[in-house]
Structures are given as structure tokens and as C-alpha cells.
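394 is the number that the numbering used here gives to position 204 of the sequence shown; each next residue is one higher, with no gaps.
All residues carry an ideal CB built from backbone N, CA and C; glycine is no exception.
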Amino acid sequence: MTKISAIILTKNSEKLIPDCLTSVSWTDEIVVIDENSSDKTREIAGKAGGKVFTFSGNFSEKRNFGAKKASGDWLLYVDVDERVTPLLRKEIRSRLAKREAPSSAYHQSPYVAYAIPRRNFVFGKELKYCGFWPDYVKRLFKKDKFRGWTGELHEEPNFEVDGEVVTGGKGKIGHLERPLTHLKHNNLSEMVAKTNEWSEIEARLMYEAKHPPMNLFRFSTAMFREFWLRMIKQKAFLDGT
191 MTKISAIILT KNSEKLIPDC LTSVSWTDEI VVIDENSSDK TREIAGKAGG
241 KVFTFSGNFS EKRNFGAKKA SGDWLLYVDV DERVTPLLRK EIRSRLAKRE
291 APSSAYHQSP YVAYAIPRRN FVFGKELKYC GFWPDYVKRL FKKDKFRGWT
341 GELHEEPNFE VDGEVVTGGK GKIGHLERPL THLKHNNLSE MVAKTNEWSE
391 IEARLMYEAK HPPMNLFRFS TAMFREFWLR MIKQKAFLDG T
């Protein structure tokens, strides 16, 4: 029978991790990669049966470390602010079970991974526009085809496809129908803290890549382009305030 390992990254996540762990309790193994939490995150994860490891690094490095510690045939990456719904759990089990059945069309499936849609919630409200739905993320991987994550921010998985390693899967990615629940931001202070953390990393990466310096024209153009894309084209105004 196919074995599934859930991999969760944590850092001072004691408020979020209980529900996350509950949502993946059906998997065969839970691997928690913790970045030196000073709260009760590690204790909570351990009591729930998680295999807890301490590791510091960027997102790709932590995800890759988790893959090395996981023993499953399939790897299910779930962020600590995400929840696997019962319907998604059922779909994952069903899809992987069909792959095992010789008489099933899924048995010869070329997919090396599956992308999962996400329902994004900000301040408790679901956002359905502005690119927030279906927001597919690649999270369920066949371990023997997975070749690691790359990228310090906005990381991408790599897979072996037809004898070569390719980023993103090169057309070998299946798509599930049932969504993850993503509690993107619960309050304003949390949103500001995350934005500051990510923007500092992105600014450094742009500097290291010798990105052209900003000026008033480029700044104004970028602002207008993003406003038109998200507010008008992707109809963000329909999500209200």
C-alpha cells in the first residue's frame, strides 16, 4: 500500500500547528521541520506523533531536509497555516489507490506530482478574485521522481521527467479538485510581520541579481500595472473590503 508522508515547516507556530496536525493525522507519517521555536511548537508536534527535527535555512533548504527525513512513497507538503480538508484527504487517497490498481487507467499515469487548489482566507474572509482562486500549488510528489526544491523565496520543485531534471514538472503535473484551506493572514499585525520578512528577502535577492534601481517612473508604472492586473482584470473589487 502506498505510504504518504506529510511534511510541515514550523517556527513559533503553537497557535497554528494543532489544527494543521489534526488535518494530516490520516497520513502514514508526519515530519515536522522546526526552526528553533521558542514556544511549545515542538512539544505539541511531538505529542501528536510527529517526527520533529530542528533545521535552519531558507524555504527550499528546509523543504529538502524534510524530504530526506520522510520515508513515504509520496510527499505531501502542508504549510502550518494550511489545512487538508476531509474531501481533499479522500481525493488524495482515492487518486493514489487507483494508481496502484493494474486495471485502472491511473496505473499508467505519467504524473510525477499533483497540484492542489487553495481557498485563501485573509482576516477570516475568503478571497475568490485577484488571483486567489484557484491558486494551484504543487504539493503532492512521488518521492522517487522528486529532485528537490530550488529558490530562496517563491521556491519551485524539480522532478525527473524522461531522464532529465526539470523545474515545475514539464507537463507531468496532475491537478486535484478538492482544495486546501489556507489561513493566509489572521490579523493585521501578522500580515505586516510576514510582509516585512518576505520583502527583506526579496529586496536582497533583487540586489544580488543586480536588478535595476527603482526611480519614480518605474515605481509608478509598476504600481499602475499591478492595480490594473489585480483590481480590474482579476476583479479584486468583487471581494470587497
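Alpha carbon to alpha carbon, how far is residue i from residue j?
i, j, result
"Ile-207", "Leu-406", "43 angstroms"
"Ser-215", "Ala-260", "15 angstroms"
"Glu-201", "Lys-230", "The residue you asked about is not Glu; residue 201 is Lys in the sequence shown. Lys-201 and Lys-230: Cα-Cα distance of roughly 10 angstroms."
"Phe-417", "Gln-424", "10 angstroms"
"Asp-352", "Tyr-319", "36 angstroms"
"Met-191", "Ile-282", "14 angstroms"
"Phe-414", "Gly-364", "35 angstroms"
"Thr-212", "Val-274", "9 angstroms"
"Val-382", "Asn-248", "20 angstroms"
"Leu-373", "Val-355", "33 angstroms"
"Asn-348", "Thr-340", "7 angstroms"
"Ser-379", "Ala-303", "35 angstroms"
"Tyr-218", "Gly-338", "It is Asp, not Tyr, that sits at residue 218 in the sequence shown. In a straight line, the C-alpha of Asp-218 is about 21 angstroms away from that of Gly-338."
"Ser-410", "Lys-193", "51 angstroms"
"Lys-360", "Glu-345", "16 angstroms"
For residue i, which three-state DSSP category applies?
i, result
"Trp-339", "strand"
"Pro-208", "helix"
"Lys-318", "coil"
"Trp-264", "strand"
"Phe-243", "strand"
"Glu-416", "helix"
"Asn-226", "coil"
"Asn-386", "helix"
"Asn-254", "helix"
"Met-191", "coil"
"Lys-425", "coil"
"Ser-410", "helix"
Starting from residue i, follow its DSSP beta bridges and name the residues at the other end.
i, result
"Gly-181", "Summary: the structure shown does not reach residue 181, with the chain confined to residues 191 through 431, and so no result is reported for it."
"Tyr-304", "Leu-330, Gly-364"
"Arg-309", "Thr-371"
"Val-221", "Ile-197, Lys-241"
What are the start and end residues of the beta strand (DSSP E) that includes residue i?
i, result
"Arg-273", "272 to 274"
"Ala-399", "It is not in any beta strand (DSSP E) - Ala-399 carries neither H nor E in the DSSP assignment."
"Lys-374", "370 to 375"
"Phe-349", "346 to 351"
"Ser-195", "194 to 200"
To the nearest whole angstrom, what separates the beta carbons of residue i and residue j, a pair I think is in contact under 8 angstroms?
i, j, result
"Lys-328", "Ala-305", "5 angstroms"
"Lys-333", "Leu-265", "5 angstroms"
"Leu-286", "Leu-370", "Between Leu-370 and Leu-286 the Cβ distance is about 17 angstroms, and since that is not below 8 angstroms, they are no contact."
"Gly-256", "Ile-223", "5 angstroms"
"Lys-252", "Ile-220", "Contact doesn't hold; Cβ gap of about 15 angstroms is too wide."
"Asn-226", "Ser-203", "Actually they are not in contact, since the Cβ atoms of Asn-226 and Ser-203 sit about 12 angstroms apart, beyond 8 angstroms."
Terminal residues of the continuous alpha helix (DSSP H) containing residue i?
i, result
"Ala-235", "231 to 237"
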